[in-house]
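Novice: Take a look at this one; I'll ask things after.
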Amino acid sequence: MEKQIFERTHLLLGDRGMEYLSTVNVILFGVGGVGSWCAESLVRSGVHHLTIVDMDKVDITNVNRQLMATTKTVGEIKVEVMKERLGSINPNASITSFCERYTSETRSMFNLSSYDYIIDAIDSVEDKVDLLVYAANETNATVFSSMGAALKVNPNLIKTAEFWKVHGCPLASSLRRRLKREEIQLEKEVLCVFSDEKIDSSEDIAYSILENKQRINGTLAHITAIFGLNLCGLLIQDVIKRTQYNKKL
Numbered sequence: 002m003e004k005q006i007f008e009r010t011h012l013l014l015g016d017r018g019m020e021y022l023s024t025v026n027v028i029l030f031g032v033g034g035v036g037s038w039c040a041e042s043l044v045r046s047g048v049h050h051l052t053i054v055d056m057d058k059v060d061i062t063n064v065n066r067q068l069m070a071t072t073k074t075v076g077e078i079k080v081e082v083m084k085e086r087l088g089s090i091n092p093n094a095s096i097t098s099f100c101e102r103y104t105s106e107t108r109s110m111f112n113l114s115s116y117d118y119i120i121d122a123i124d125s126v127e128d129k130v131d132l133l134v135y136a137a138n139e140t141n142a143t144v145f146s147s148m149g150a151a152l153k154v155n156p157n158l159i160k161t162a163e164f165w166k167v168h169g170c171p172l173a174s175s176l177r178r179r180l181k182r183e184e185i186q187l188e189k190e191v192l193c194v195f196s197d198e199k200i201d202s203s204e205d206i207a208y209s210i211l212e213n214k215q216r217i218n219g220t221l222a223h224i225t226a227i228f229g230l231n232l233c234g235l236l237i238q239d240v241i242k243r244t245q246y247n248k249k250l
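As structure tokens, this is what we get:
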């Protein structure tokens, strides 16, 4: 059955690409609006060894954009719902789930040096900085990261670039200021998905609300999905580079 599942993928990636995808070890931090779409597309593409990390339960407000969130899964643990869904796509896939928040204190539980790919879809600036610095400077993994998807509406302005070349993204700017202030460099390339779309604040639209003293920004499914799919796409393009050197990307 598995051969049939990946027949169309095999036509593009060939034996070497499919074998590589089936053996690499991938960890994804955050399975929300961006990460859930990334996780599913990774497994649908042939990744067999995937670890997903997220501390949250499904909330009713997640239903507008998160793949595992439905009115029937509200209140359930996100990574467990996602794990079950991924297992139904490919029963032979090995999916590990951590219902944990990534922080500098919890970092050691994930054994990051054991992964070939580390994918960041974390919201918190502090946790994101720690993950990117550790992943880029202390592991041999290839690292991909999602920048801010909230407040965006135009899918045509979603792009990919190396971390230091991301532009027009307030989250990326905040991360870079933090790194410069602490005089920290990323010792290898980190490719990012971002949008440089500018929101016209003069428009009479409520883009965000305050909830428990935190600002909650408006977010759309088609935007977060494209961010997540692009993260998966970065991994697939890297697989092609490694296994089909003469194939134009």
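Note that the sequence shown ends on residue 250 in our numbering; no numbers are left out.
Note that CB positions come from ideal geometry on N, CA and C, so glycine has one too.
From a predicted model like this one, the values you see are computed outputs, not experimental measurements.
Can you grab the Cα-Cα spacing for the pair GLY149 / ILE159, in whole Å?
Specialist: Cα to Cα, GLY149 sits roughly 10 Å from ILE159.
Novice: Can you list, in chain order, the residues of its chain with a C-beta nearer than 6 Å to that of ARG17? Leave out the 5 residues immediately preceding and following it.
Specialist: Only THR244 meet the Cβ criterion.
Novice: Measure how close the beta-carbons of PHE195 and CYS233 come, nearest whole angstrom, since I'm counting them as under 8 Å.
Specialist: PHE195 to CYS233, Cβ: 16 Å. No contact.
Novice: Confirm, please, whether the CB-CB distance from HIS49 to PHE10 is below 9 Å.
Specialist: Looking at the sequence provided, one finds Thr at residue 10 rather than Phe. Taking 9 Å as the Cβ cut-off, THR10 and HIS49 do not qualify as a contacting pair.
Novice: Can you name, in chain order, every residue of its own chain whose Cβ lies under 8 Å from the Cβ of SER95, other than the five neighbours on each side?
Specialist: These residues qualify, in order along the chain: HIS49, HIS50, LEU51.
Novice: Relative to the C-alpha of VAL44, which residue among TYR103, ARG216, ILE6 is closest?
Specialist: The shortest C-alpha separation from VAL44 is found at ILE6.
Novice: For MET83 versus PHE99, is the C-beta spacing smaller than 9 Å?
Specialist: Their beta carbons are not under 9 Å apart, which means MET83 does not touch PHE99 by this criterion.
Novice: Looking only at its chain, what residues have a beta carbon closer than 6 Å to the beta carbon of ILE120, apart from the 5 residues adjacent to it on each side?
Specialist: Around ILE120: LEU29, PHE145, LEU232.
Novice: Can you find the residues in the same chain that come closer than 7 Å, C-beta to C-beta, to ASN65, ignoring five residues on each side of it along the sequence?
Specialist: ALA222.
Novice: Pick out whichever of ILE200, ILE237, LEU230, ILE227 has its Cα sitting closest to the Cα of GLY219.
Specialist: The residue with the shortest Cα to Cα distance from GLY219 is ILE200.
Novice: If you drop the 5 nearest sequence neighbours on each side, which residues of the same chain put their C-beta closer than 6 Å to that of ASN138?
Specialist: GLU188.
Novice: Please report the distance separating the alpha-carbon of MET69 from that of SER42.
Specialist: If you take the alpha carbons of MET69 and SER42, they lie about 13 Å apart.
Novice: Sort out for me which residues DSSP pairs GLU163 with in a bridge.
Specialist: For GLU163, which the question treats as bridged, DSSP gives the partners LEU192.
Novice: In the structure shown, what three-state DSSP assignment does VAL54 receive?
Specialist: The answer is strand: DSSP assigns VAL54 an E or B state.
Novice: Between which residues of its own chain and VAL167 is the CB-CB distance below 7 Å, once the five residues before and five after are set aside?
Specialist: Excluding residues within five positions, the ones whose Cβ falls inside 7 Å are MET148, ALA173, CYS193, PHE195.
Novice: Ignore the nearest five residues each way along the sequence and tell me which others in ARG179's own chain have a CB closer than 6 Å to its CB.
Specialist: Once the five neighbours on either side are set aside, the close Cβ partners of ARG179 are VAL130.
Novice: Relative to the alpha-carbon of SER105, which residue among SER89, PRO92, VAL126 has its alpha-carbon at the smallest distance?
Specialist: Ranking the options by Cα distance to SER105, first place goes to VAL126.
Novice: Grouping DSSP H, G and I as helix and E and B as strand, with all else coil, what is THR97?
Specialist: Strand, per DSSP.
Novice: Give the DSSP bridge partners of ASP197, in chain order.
Specialist: Partner(s): none; ASP197 has no beta bridge.
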